[in-house]
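Chains as they are written, first to last, in the UniProt record's numbering: chain A, 1 to 877; chain B, 1 to 449. Glycine is no exception: its CB is placed at the ideal position from the N, C-alpha and C atoms. In this text the structure is predicted, and so the values were computed from the model without any measurement. Before any comments, here is the structure.
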Amino acid sequence: MSRFFTQGDSSSESSSSDEEELYSDNEAEQKSEAEESEEEEASEEEESSSSDEGGKSGASKFLREAASSDESEDEDKIHVVKSAKDKRLEELEGVVKIIDNAVKINDWSTIATEFDKLNRQVTKITTSDKAPKIYIKTISDLEDFMNETIAKQKVSTRKMNATNARGLNAMKQKIKRNNKDHQAEIDKFREDKFEYMMSEEEEDVVPVEKTKKSKAVYMEGIDIRDDEGFSTVGRGGKTLQYTPESILKQLRSIVESRGKKNTDRAEQIRVMEKLREVADTPYRTIRVLLTLISTRFDLTTGSTATFMSQDNWTSAEHEFADLLEELEANRNMVVLENAEEWEDDEKPPQPAAGETLKIPGSVVSVVERLDDELTRSLQHIDPHTAEYIDRLKDEQALYNNILRALLYVENLKKDAKLELTDDGANRVVMRRLEHVYFKPAQVVHVLEETAWKKVPSKFDSDITPRTNDADIDSLVQTLSTYLFKHSADIIRANAYLCQVYYFALHDQYYKARDMLLMSHLQEAIGNFPVKTQILFNRTLVQVGLCAFRANLIYESQNTLQEICGSGRQKELLAQGVMIQRYSQVTPEQERLERQRQLPFHMHINLELLECVYLTCSMLLEIPLLAHTGSSPDIKKRIISKTYRRLLEFHERQIFTGPPENTRDHVMQASRALAAGEWKKSAQLINDIKIWELMAEPEKIKAMLSARVQEEGLRTYLFTYAPFYDTLAVSTLASMFELSERKVAALVSKMISHEELAAALDQVNSAIIFRKGVELSRLQSLALTLSDKASGLIEANERTLEQRTQGTANAFERQGGQGGRGGRGGRGRGKGRGGGEGVIVADQGREEDSNLVAVHLVERSKLERSMFFIFLLLQRAT
Amino acid sequence: MTDNTPTSAEAILNDKSQSAPTEAALEYDLLPKLIPHLDRHLIFPLLEFLSGQEGDDGTEVTKTKYELLKSTNMTDYVAQLWQEINDSDEMPEEFLKRREEVLERLSLFTQETSQIDELLSDDSVVSNLRSDKVANLKFLETNHGVTVEMVNMLYDYGWFQYSCGSYANAAHLLDQFRILSTDNDKANSANWGKLASDILTTQWDVVMGEVNKVKEGIDTKLFNNPLAQLQHRTWLIHWSLFPFFNYEPARDQITELFFSPAFINTIQTNCPWILRYLAAAVITNRSRTRNTGQYQKQLKDLVRVVRQEGYEYHDPVTDFVTALYVDFDFEEAQKKLSDAEEVLKGDFFLSAAAEAFVEAARHLISESYCKIHQRIDIGDLSKRLGLEMEEGEKWIVNLIRDTRMDGKLDYKEGTVLMNHPANSVYQQVIERTKGSFFRTSVLSAAVAK
C-alpha cells in the first residue's frame, strides 16, 4: 500500500484511509484494490491529457462508497486463504520470471505490462513500508537493463519497432517514478546484492489474511448499482424498460460511474440514446444530451485510441446541434457552468413563470472539446489519404456549431440577470477566428454562407451581424477587434496575431507590418504560451512572404531571417517534430510537442518558404559578396549565414549536375549571377516549380527577373570595376537589357552611397572609374589597425565609466568628440571636470585603476606601432 | 463687437499675388485633410485664400464659409454672407434676433468682469501677485473680493470674445484667466484659445511662446493617455503651420519640433500629409542655415521618413525628394520639381515660399548631380534646371563658388569638369586616430587621481 499512500493523487484519499484504519485488515485490503484501480484510472486519464479533474473525484468518491458499503455482504462470500503469504510470493515470483524472460529477448511491451502487474501484486503483499526483496531486486535490475538499452539505442542505427519503443518509453517513466520510492532499498541492494537477499528474511511482515481477486470488487460494485438504480435494466439488456421518470436517476448513476474502471461506456451510450427517445420534457432531453455528449468524449479518454472515431464525433456533433436547438427553443432553460445541481431525482425542477432554470453544464466547453477532438484526429490521420479529406469536411459542421454556440452565448449574455462574464463568448469567438484566419477569402466566404444557412433566420449575432456575411474581409477584423476589446492577455494577443496573419495572407503588407510593429509583441512574445509563440512565428513568416509578393526583397529577407535562418522552421512553425540529436527529450516533452502540431491543412509550405528565403538572400548577398570580395580585411557583413553555408557547400562540389530541387536551382542561379550571367540566373530562378503555388506566378517571375537584372548589373560593376578605366553606359544598358536611364540611375545611386569609386561623364555618357582607390594590403591593414586602436580607447573609457558608475558621466562620449574633430579645447575642460568628479566620489578603486592602467600600457604600444605604420605608408606613397 | 470679420488670408499672408491654381495643385489639395484638425476660425483664412484663387465662382466657397461661421457669434458677418448667398438685401429676422442676444450677453459679460479686469490692470494689485496661483487667488479674494466664479467668468468671456471674432480681446482675457486659474483643464484649454487668438491676430512672437506652452502641456498633462496625446499633437502640428511659413524665425524652431521623435511619430501615424510642409521647410532652409552638418542631418531624416511613408502619402514635393535622393533619377526630379512648384503656389501655407523652394531645390539637384558626374554639359544642365544657357553658366559659377566644389569650366567644349579627389588612405588614418592621444591622457589623468 505504500505506493498509494506516498503518491496518492488526492489528499482526501489518504486522509480517508487513515480514518478507516479501524476497519479490519480485510477492509483495508479491499480498499487498496479500489484505490489501485483508481490510480490506474487516474494515470490513464493523465496520459490522454484529459483534464476532467472534477469528474474523476466524483467517480472515485462513488467507488469508495460502493466498495465500503457492501463490506458486510462481502464478508461471508470471501474465503479465508491459509497460506496467503506464500501464495502471494509465488505469484510474485511468477511475474518476476516473466519479466526476466522478456528482458532476455528485449521485449519491452511485455515488460511494461508485467511490471504493472508486479506493482499491483507487491502492494497486496506489503503492509508495512518494506517491500519484498525479490521485488527490489527486480526493479533494480530492470532499471539497469533499461539504462543499458537506452544507451544501446542511441548507438545502434536499427530502430526498435513501434510497440517496443512505446513500451520502453512507458517503462522509463514508470521506473523513474517507482524507483524513487524504493531508493533506499535499492541502494542497499546494490551495495551487496547477495547479502541483501539473504539477510532480514525474518523481517518479512505478516501478510494479510484474506485475498480476493480484484475482479470481485468490481463485480460487486456493479451489482450494487444494479440493485439501486438499474433495477429495470438488465446487464445484458434483456429487460429494457425506460420511463421518463427514471431518466434522471439513471443519468445520475451514469454520471457517478464515470471515471470508474470497467464501466462499459458504449453500453451507457446505448442506454442514453434510448433514454433520449423516451425523454418527454425539454429539461430531461437537455440533461440526457449533456451527459451523452460528455460520455462520448470519455470514450476516447480511457481507451487506447489517440483520437475520437469519426462516427462517434459525428454523433456527438449532431447531439450538440440538437442540444443547441433544444436550448434555443426553450429560452427559459439555460446551461451554465456555475449552476447548482438539482439533487432531487424524483421530481424535475419546476421553474416559476418568468424565471430561468439553470442547468449545470457548459456549451462553450463542449464546442471547444469538439474542436479539439477534430484537430486531434486531423493530427493523426495521414494527410495524403482520402480519410483526411473526409475528416476535413467535418470542419464545416463544426463551424456551424461554433457559430450557433456563439449565438447562444451571446444571447445569454444579453440576459443581465445571469451576470455572465465575457469569458465564454471570448472563447467561442476565438475558436471561430481560429477556423477562419488562415483561409483565403473565398473559402471563408463559403464557410460563412453555409454556416448562416443552417441558423434559423430569427437569430442574429451582435458581434458579426448576418448582413455582414457578404463582406468577408471585415469578418476577421470584426472578430479580432471584438476580442481585442473584451479580452485580455493571451486571447487578445492571439486575436491580434490572427488579424495580422489574415492581412498578410491577403497582400496587405503595410497594414500587416504596421500592426505587427505597433503591437510590440516581438518584445514580449517569450512570455506567452507556446501556442501563441507558434502563431507569432506563423504570422511573421506570412508577413515575410507577403513582402516578397510585394517585391520588397529586403524587408522579406529581414522578416524571414529569424525563422528560416535558424534551420528549425519545422519546429518553430509546429509543422513537424524535430529529431533532436544531442539533447535527450523526455517522452513527456515529445508528447506535448506532438500535441502542438498543426493539422496539415494549416501548414505553410516549407519548401516555398525556403525558396523565397534563399532567393531573397541571393539577391542581397551576391552583390554584397562582390562588393566585399576584393578587400579581404574589411569587416565582413553577413546577411544570411544559412545561405552562405549552402553557397560554400555548393561551390565545393567538384561536379554539379543539372539542378534537381529548389535549393539547387537557387544555388546555381547564385553562381550565374555572381559571374554576371544574369540571363542564365533569371532562367534558373524562373524554372523553379514551386512558384506555381503563389497567387500570380507570372507576376512573381517577371518581378524576379527584373530584380536579377538590376542586381546583376550591380554585381558586375563591383566585380569588374578594378579592370576598367571607363565603361560606356550604353554598353551596360545593352548587356543587361535595361534602359540607359535606369543604368545611370543605378550607377548614380552606387556612387552616391560610396559603394563605387567612379563618376559619370555626361558628355560621353560613360562611367569613369577613379584610380588609386584600391587599397593595398598595407593600407587596408593600417585602416583596420586604426579602427582597432580607437575601439580599444573606447573600451578603456567604458571600463572606467563602469567602475566609477554615476560619477563618471563627465566621460560621456567626450572622447568621441575629441576623436572626430579638433575640438580638443572643449573636450579637455570637460575631461578635467570628469577627473575631479571621479576623485570625490570614490576611493576604493585602486584595483580598477590598475586594470585601466594595463590597458593604457597596451595602448601606448599600439600607438608606437601606429607610428611605424605611418612611416611605412609615407615611404610607400 | 458683432460686426467683426474674421482675419482674412491677406492679413496673415501679408500677401503676394495669387495665381489661379492648376490641375496638379487641385489634385494634391490638402484642404479637406487639414480642416478636421483646425479650429473654425483658423479654417476661415484657408477658405478665404481658396475664394481668392477661384475668382468669380465663389458661391461654393461662400456657402462653405457660411456653414462654417453659422454657429459663431459674428452675426453681422454671417448675415452678410447669407445675403451674398441668397442675393437679397434684407436681413432675416433670426439674424437680428441673434444679434440682439449677442449684444446683450456681451454687455452682461462686460459688467461682470469689469471688476476683475480693473483689478488686473491696476499696477498696485498686479505687483502683489506671485508665481503661486493659489496664494494669488487667496490674496485677491481676501483683499479685493475676487471669487473663483469671477475668474471662470473671465474664461467664458474670453471664449465669447473669440467666438465674436475679436481675437485680441480674447487673447487678453484668456491670458488673465491663466494667471489666476487653478483649474488645470481650463487653463489647458485657455492655452489653446490663446494660441488660436494669437495666430489670428498674427502675433507670431507670442505664438511661438504659446506653441511651446501647449507642447509642454501635452507632454506633462497627458502622459498617461497616448491617444489623447496623439490627437493633441496632431492639432498642434496643424496649428503651428500658421507661424511655420509666415514667420521666419519660427521656422527653425518648428522644424526642430517636427523632427523630435514624438512629433515625427505623430506625423507618420496620423497625418503624413504634413510631410509636404516639412519637406518644403527643410529644402527652403538650405540657403538660410549656416550649420551644414545640421542641415545634412535634417535632410537625411527627411529622406528616411519620406521613403518610409511613401506607401501612405506622396505628392509632388515628397516625390521630388524620393526621385532625387532615393532613385537618383534627375529627369524625374526635374519633372516633379515643376509639379511641386504648382502645388506650392496653390497651397495656403506654402504659396509664399514657392520661389525659395524652387531655388533651393535647384541647388540640391545640381549639387548631387555634380557629386556624381565628372563631366557635365552646361547646356544640358541648364536645361535640367530649367534655365537659359547663359543663365545656367552663371548659376554654375555661383554654385561652384558657394559650395567650394572643385570644378572648372571648359568654355570651348561647353562643359564643366568636376574633380572628385579621392579620400586618401593617409587622410583616413589620420582622421581616425586624431584624438586618441588626447583621449588617452584624459583617461590616464582620471586614473592617476
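- Only those residues of the region 357 to 378 of chain B whose C-beta falls short of 8 angstroms from the nearest C-beta of chain A are listed: S368, K371, I372, H373, Q374, R375, I376 and D377.
- For A:I638, the closest of A:K699, A:Q557, A:T656 and A:L374 by C-alpha to C-alpha distance is A:Q557.
- By the neighbour-count criterion, in which a residue is buried when 16 or more other Cβ atoms sit within 10 angstroms of its Cβ, B:L302 is buried.
- Residue pairing by DSSP places A:P360 opposite A:L336 in a beta bridge.
- Taking the C-beta atoms as reference points, B:I396 is found nearer than 8 angstroms to B:I378.
- By the Cβ criterion, the region 787 to 802 of chain A is not in contact with the region 755 to 762 of chain A, since fewer than three pairs of Cβ atoms, one from each stretch, lie closer than 8 angstroms.
- When rounded, the separation of the alpha-carbon atoms in A:T481 and B:T64 is 37 angstroms.
- With fewer than 16 other beta carbons inside 10 angstroms of its own, A:E449 counts as exposed.
- Collapsing the DSSP output to three states places A:F769 in a strand.
- A contact between stretches requires three or more CB pairs, one per stretch, nearer than 8 angstroms, and the region 598 to 617 of chain A meets this requirement with the region 372 to 390 of chain A.
- Unbroken beta strand (DSSP E) stretches of 3 residues or longer found wholly inside the region 660 to 733 of chain A: 726 to 728, given in chain order.
- Between B:L399 and B:G392, the C-beta spacing is not below 8 angstroms.
- When the alpha-carbon of A:I563 is set against those of A:L521, A:V436 and A:F536, the nearest one is in A:F536.
- Listed as beta-bridge partners of B:H373 by DSSP are A:L760.
- For A:N338, the closest alpha carbon among the candidates A:K358, A:R177 and A:L778 is that of A:K358.
- With 16 or more other CB atoms across the displayed protein chains lying within 10 angstroms of its CB, B:S382 is buried.
- Under the Cβ criterion (8 angstroms, minimum of three pairs), the region 649 to 657 of chain A does not count as touching the region 682 to 696 of chain A.
- In the DSSP secondary-structure assignment, B:T284 is not bridged to any residue.
- Around the beta-carbon of A:M750, 16 or more other beta-carbon atoms lie within 10 Å, marking it buried.
- For A:M308, there is no enclosing alpha helix (DSSP H), since its DSSP letter is neither H nor E.
- Non-local beta-carbon contacts of A:I293 in its own chain, meaning distances under 8 angstroms to residues more than five positions away in sequence, involve A316, E319, F320, L323 and V366 in chain order.
- DSSP places A:D141 within a helical segment (H, G or I) once states are collapsed to three.
- Non-local beta-carbon contacts of A:I134 in its own chain, meaning distances under 7 angstroms to residues more than five positions away in sequence, involve L92, E93 and V96 in chain order.
- The C-beta separation of B:Y167 from B:S197 comes to about 4 angstroms, placing the pair in contact by the 8 angstroms criterion.
- Counting every other CB atom within 10 Å of its CB across the protein chains shown gives A:S377 a total of 16 or more, marking it as buried.
- Note on B:N265: under 16 other CB atoms within 10 angstroms of its CB, so exposed under the neighbour-count rule.
- Taking 7 angstroms as the upper bound on Cβ-Cβ separation, chain B lies near residues Q779, A782, L783, S786, D787, A789, S790 and I793 of the region 779 to 794 of chain A.
- Under DSSP, B:V416 shares a beta bridge with B:I376 and B:L409.
- Taking 9 angstroms as the upper bound on Cβ-Cβ separation, chain A lies near residues Q428, V429, I430, E431, R432, T433, K434, G435, S436, F437, F438, R439, T440, S441 and V442 of the region 428 to 442 of chain B.
- Residue contact with chain B for A:E797: present (Cβ-Cβ distance below 8 angstroms to some residue of chain B).
- Chain A places a beta carbon closer than 8 angstroms to that of B:T415, counting this residue as a contact.
- Residues of chain B with a Cβ closer than 7 angstroms to the Cβ of A:K749 are, in chain order, F328.
- The shortest C-alpha to C-alpha distance from B:Y162 to any of B:W204, B:F330, B:N143 and B:W192 is the one to B:W192.
- In the DSSP assignment, A:L251 falls within the alpha helix (DSSP H) that extends over I247 to E256.
- Contact annotation for A:V763 against chain B: R375, D377 and T415 [CB-CB distance below 7 angstroms, chain order].
- Membership of A:F548 in the alpha helix (DSSP H) is indicated by the continuous run V530 to R549.
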